[in-house]
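Below is one structure, written out as structure tokens; the observations come after it.
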Amino acid sequence: MIGTSYLPEGELIRDTETRAYTSSLDGLKKAMREGRILEGVAVRCSGDLTLTVEVGKFTGTIERDEAVFTQGEPVKDIAIITRVGKPVCFRVLSVTERGGMPVIKLSRRLAQRECVVNYLSGLTPGDIIAAKVTHLEHFGAFVDIGCGVASLLPIDCVSVSRIDHPAERLRVGCLMPVCVKSVERENGMTRRIYVTRRELLGTWEENAALFRVGQTVTGIVRSIESYGIFVELTPNLAGLAEWRDDVSVSQTAAVYIKSIVPEKMKIKLVIVDPYKGISPKRQAFAGCFPSVPQQAESAETDDTDSTDTPDTDTPANLADALHISRWRYSPDCCPRVIETVFDGDGTNNQS
185 MIGTSYLPEG ELIRDTETRA YTSSLDGLKK AMREGRILEG VAVRCSGDLT LTVEVGKFTG
245 TIERDEAVFT QGEPVKDIAI ITRVGKPVCF RVLSVTERGG MPVIKLSRRL AQRECVVNYL
305 SGLTPGDIIA AKVTHLEHFG AFVDIGCGVA SLLPIDCVSV SRIDHPAERL RVGCLMPVCV
365 KSVERENGMT RRIYVTRREL LGTWEENAAL FRVGQTVTGI VRSIESYGIF VELTPNLAGL
425 AEWRDDVSVS QTAAVYIKSI VPEKMKIKLV IVDPYKGISP KRQAFAGCFP SVPQQAESAE
485 TDDTDSTDTP DTDTPANLAD ALHISRWRYS PDCCPRVIET VFDGDGTNNQ S
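Residue numbering for the sequence shown follows my numbering, beginning at 185 and increasing consecutively.
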């Protein structure tokens, strides 16, 4: 992972160095001289769209023009208003006094600009970076890829196993590794970055290796077709069971593994018992990140039906420099090739 000084918003607020800088006015002045990026919680937005931010035991302000970095586009009011109650990154513009009270001016725009110029502009497809889920839509998840800069994780890139809504897999606030899918540039500046996650959740063989013929395991019913029922075993692996009329989509099911056929990328299942309610945590491939928990997986919207509870702790090695150039999902023995090839020109090809 590249540029770890520019983490998603909320990851620096409890940092020891951040606390040291924000504990005194001298510390804030030092942060200003050093150009240090700090964080605080936006507690209020005035009618003129000035944000009031808690900065340690002090309060600072971010004026409208300093709230969001844009590359020529007008700042949308909603982009400022929605920061209230959430951590925001900033650089200290000035620390003065008025009537014996400190006046602290802050700029989120400068922090974001630095992140774009020094970090995001250097990313290429295949780079693995930290991202935090900020908003879910039916077409995908918006994620913070550094200092509040947004990126889109399309729904078909969340996992190989298909889902109807990102909320079936992710939760707002989850910190997770993602892979840069494509980069849009204009006049040498990075305009937009798209990310993907499915390439980090293991190949067909890596996921299938978690299971054996004859086992009975837990799965989630993802789709019901006339020819059978697809049951997800892991986010990147599903099997097909015979059709039956007492099963519904999103149900948890105990399934018997009848056969595993790598040459056809097929797993035949028998549904033993479909049910609703709390289910045990399912197996998931984590070989790409032996010490990074796949913390965002299968976050059902109803906590009582959740199959995997996301871990909110920050992975210790989320800052490791990682890159993948090519990812092949299908086994070598399978005639059908499913792979992602990341190119250095800001695009990637999938087949």
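Glycine included, C-beta positions come from ideal geometry on N, C-alpha and C.
With DSSP as the reference, please indicate the residues paired to residue i in a beta bridge.
i           : result
residue 224 : 272
residue 363 : 312, 380
residue 357 : Partner(s): none; residue 357 has no beta bridge.
residue 285 : 282
residue 210 : Paired residue(s): none; residue 210 is not in a bridge.
residue 334 : 328
residue 373 : 370
residue 436 : 404, 459
residue 277 : Paired residue(s): none; residue 277 is not in a bridge.
residue 506 : 312
residue 319 : 326
residue 453 : 425, 441
Over the uninterrupted alpha helix (DSSP H) stretch that includes residue i, give me the two end residues.
i           : result
residue 204 : 200 to 205
residue 238 : Residue 238 -> not in any alpha helix (DSSP H); beta strand (DSSP E) instead, spanning 235 to 239.
residue 191 : Neither: residue 191 is in no alpha helix (DSSP H) and is coded neither H nor E.
residue 561 : The question about residue 561 has no answer here: the residues shown for the chain are numbered 185 through 535.
residue 294 : 292 to 302
residue 264 : 261 to 265
Along the chain, where does the beta strand (DSSP E) containing residue i start, and where does it finish?
i           : result
residue 447 : No beta strand (DSSP E) holds residue 447; DSSP gives it neither H nor E.
residue 424 : 421 to 425
residue 409 : 400 to 409
residue 389 : Unbroken run through residue 389 is the alpha helix (DSSP H), 388 to 392; no beta strand (DSSP E).
residue 523 : 523 to 526
residue 254 : No beta strand (DSSP E) contains residue 254, which DSSP labels as neither H nor E.
residue 417 : 412 to 418
residue 246 : 242 to 246
residue 510 : 510 to 512
Does the distance from the C-beta atom of residue i to that of residue j stay below 9 Å?
i           : j           : result
residue 226 : residue 197 : no
residue 374 : residue 307 : yes
residue 329 : residue 313 : yes
residue 332 : residue 192 : yes
residue 451 : residue 443 : yes
residue 376 : residue 410 : no
residue 190 : residue 304 : yes
residue 433 : residue 407 : yes
residue 249 : residue 506 : no
residue 264 : residue 294 : no
residue 599 : residue 279 : One cannot answer for residue 599 here, as it falls past the ends of the chain, which runs 185 to 535.
residue 315 : residue 337 : yes
residue 527 : residue 309 : yes
residue 270 : residue 194 : yes
Which whole-angstrom value is the C-beta distance of residue i and residue j, which I expect to be below 8 Å?
i           : j           : result
residue 387 : residue 438 : With 8 Å as the limit, residue 387 and residue 438 do not qualify as a contact, their Cβ atoms being about 26 Å apart.
residue 521 : residue 510 : No, residue 521 and residue 510 are not in contact; Cβ-Cβ is about 11 Å, not under 8 Å.
residue 240 : residue 206 : 3 Å
residue 385 : residue 419 : 5 Å
residue 244 : residue 237 : 5 Å
residue 342 : residue 355 : Actually they do not touch by this definition, with Cβ atoms about 12 Å apart.
Three or more C-beta pairs below 8 Å linking the region 358 to 374 and the region 393 to 402: no
Cβ contact check for the region 426 to 436 and the region 378 to 396: 3 or more pairs under 8 Å: no
At least three beta-carbon pairs within less than 8 Å, the region 339 to 351 to the region 287 to 299: Of all C-beta pairs linking the region 339 to 351 to the region 287 to 299, fewer than three are shorter than 8 Å, placing the two stretches out of contact.
contact_flag[the region 509 to 517, the region 316 to 336] where n(CB pairs < 8 Å) is 3 or more: Flag = no, the region 509 to 517 and the region 316 to 336 do not touch.
Contact between the region 293 to 304 and the region 250 to 267 (3+ Cβ pairs under 8 Å): yes
The region 216 to 232 in contact with the region 264 to 275 per 3-pair CB rule at 8 Å: As far as the Cβ criterion goes, the region 216 to 232 touches the region 264 to 275, which means the pair count is three or higher.
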